[in-house]
Amino acid sequence: RKEVEQDPGPFNVPEGATVAFNCTYSNSASQSFFWYRQDCRKEPKLLMSVYSSGNEDGRFTAQLNRASQYISLLIRDSKLSDSATYLCVVNIIKADRGSTLGRLYFGRGTQLTVWP
Amino acid sequence: DVKVTQSSRYLVKRTGEKVFLECVQDMDHENMFWYRQDPGLGLRLIYFSYDVKMKEKGDIPEGYSVSREKKERFSLILESASTNQTSMYLCASSFVSSRAYNSPLHFGNGTRLTVT
Numbered sequence: 619r620k621e622v623e624q625d626p627g628p629f630n631v632p633e634g635a636t637v638a639f640n641c642t643y644s645n646s647a648s649q650s651f652f653w654y655r656q657d658c659r660k661e662p663k664l665l666m667s668v669y670s671s672g673n674e675d676g677r678f679t680a681q682l683n684r685a686s687q688y689i690s691l692l693i694r695d696s697k698l699s700d701s702a703t704y705l706c707v708v709n710i711i712k713a714d715r716g717s718t719l720g721r722l723y724f725g726r727g728t729q730l731t732v733w734p
Numbered sequence: 137d138v139k140v141t142q143s144s145r146y147l148v149k150r151t152g153e154k155v156f157l158e159c160v161q162d163m164d165h166e167n168m169f170w171y172r173q174d175p176g177l178g179l180r181l182i183y184f185s186y187d188v189k190m191k192e193k194g195d196i197p198e199g200y201s202v203s204r205e206k207k208e209r210f211s212l213i214l215e216s217a218s219t220n221q222t223s224m225y226l227c228a229s230s231f232v233s234s235r236a237y238n239s240p241l242h243f244g245n246g247t248r249l250t251v252t
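Line by line, the protein sequences are chains A and B. Per my numbering, the first sequence runs over residues 619 to 734. Per my numbering, the second sequence runs over residues 137 to 252.
Here is the structure:
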C-alpha cells in the first residue's frame, strides 16, 4: 500500500463551482501535512500547510481527519487559473537505525480543469 | 524568497554518457533532495541529503549517485545514462528542525532530460 493515496481525477468543473479533493495516508504517526499545486510542465509549489484544526486561505480550505487518516482540500468559487494538479504531501516518520526519521511522501496528484 | 536553481532546463544526452545535474539553493537549507517525475508515477525520491557530505538513498537510487561537497550545492550524477532515465528531474531543499519533522520543500524549476 502506498503511503499517500489520491484520486487522480481528472476533475472537470465549471467556473464558480466548488470542488473537493481527498487524500489518505497510511501512517498514523504522521505529523505534518501539505497541499502543493503543480502547473503543467512546472515545478510543484506549496499551496498551504494543513493544521489539525483545519485552516483557510481565501477560497481554499484544508481539513485534517486524524482518526480516519485523511486530509482534504476544498476550493470554492473555482477560477480558470485554478486548473492544475494538486499534490497531497505527508510527513511520515519511520524508525531508521535506532532513531526516527521523517520523510515527505507525495501523492500522485489530482488533476483539476476549470472550464469557462 | 527561497531560490533553488537547477543548471539546465533541457538536456539531451546519449546512452552511456555520464551526466551531471547541478542544483544550488540560496537559503542555507540543511536538506536537499533529488526527485524524478514521470507521467502516472508521480514524484519519486532518488537521493537526499541532510548535511554536507551526507547522503541517503531514496526509493529509486539505482543508476544514480550524488555529491554534496558544499551546503548550498547538491549534484545528481548518472554514471552511464540509459533511455529509461529520460525524465523530469526536480531538485528541492528545506530546513529541518529535527530528524523527525520536515518543513515544506522548495523546488527548482526542473531539468527535462532526454537520453537517446
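Glycine included, every Cβ here is placed at the ideal spot set by N, Cα and C.
Inset, instruction - Compare the C-alpha of B:Asp-187 against each of B:Phe-169, B:Thr-151 and B:Ala-217 and name the closest. - result: B:Phe-169
Inset, instruction - Go through its chain and collect everything with a Cβ distance to B:Tyr-146's Cβ below 6 Å, but skip five positions before and after it. - result: Arg-248
Inset, instruction - Mind checking the stretch 165 to 181 of chain B against chain C and listing, in chain order, the residues whose C-beta falls within less than 9 Å of any C-beta there? - result: Reference to chain C is not applicable here, since the protein chains of this structure are A and B.
Inset, instruction - Only counting runs of 3 or more residues, tell me where the beta strand (DSSP E) segments fall wholly within the stretch 148 to 217 of chain B, in order along the chain. - result: 155 to 157, 159 to 161, 167 to 174, 178 to 185, 200 to 206 and 209 to 214
Legend entry - Contact set for A:Leu-698: own chain, Cβ-Cβ below 7 Å, skip 5 residues either direction: Glu-633, Val-732 and Pro-734
Legend entry - Residues that DSSP places opposite B:Ser-144 in a beta bridge: None; B:Ser-144 has no bridge partner.
Inset, instruction - Evaluate B:Ser-229 with the Cβ neighbour count: other Cβ atoms within 10 Å of its Cβ, from every protein chain shown; 16 or more gives buried, anything less gives exposed. - result: buried
Inset, instruction - Using a Cβ cut-off of 8 Å, pull out every chain B residue sitting near A:Leu-692, in sequence order please. - result: Simply none; closest approach about 20 Å.
Inset, instruction - Give the range of the beta strand (DSSP E) segment to which B:Ser-230 is assigned. - result: 223 to 230
Legend entry - B:Asn-220, DSSP secondary structure in three states: helix
Legend entry - Cβ pair B:Phe-210, A:Glu-661 closer than 9 Å: no
Inset, instruction - Whole angstroms is fine: what's the gap from B:Thr-252's alpha carbon to A:Thr-636's? - result: 44 Å
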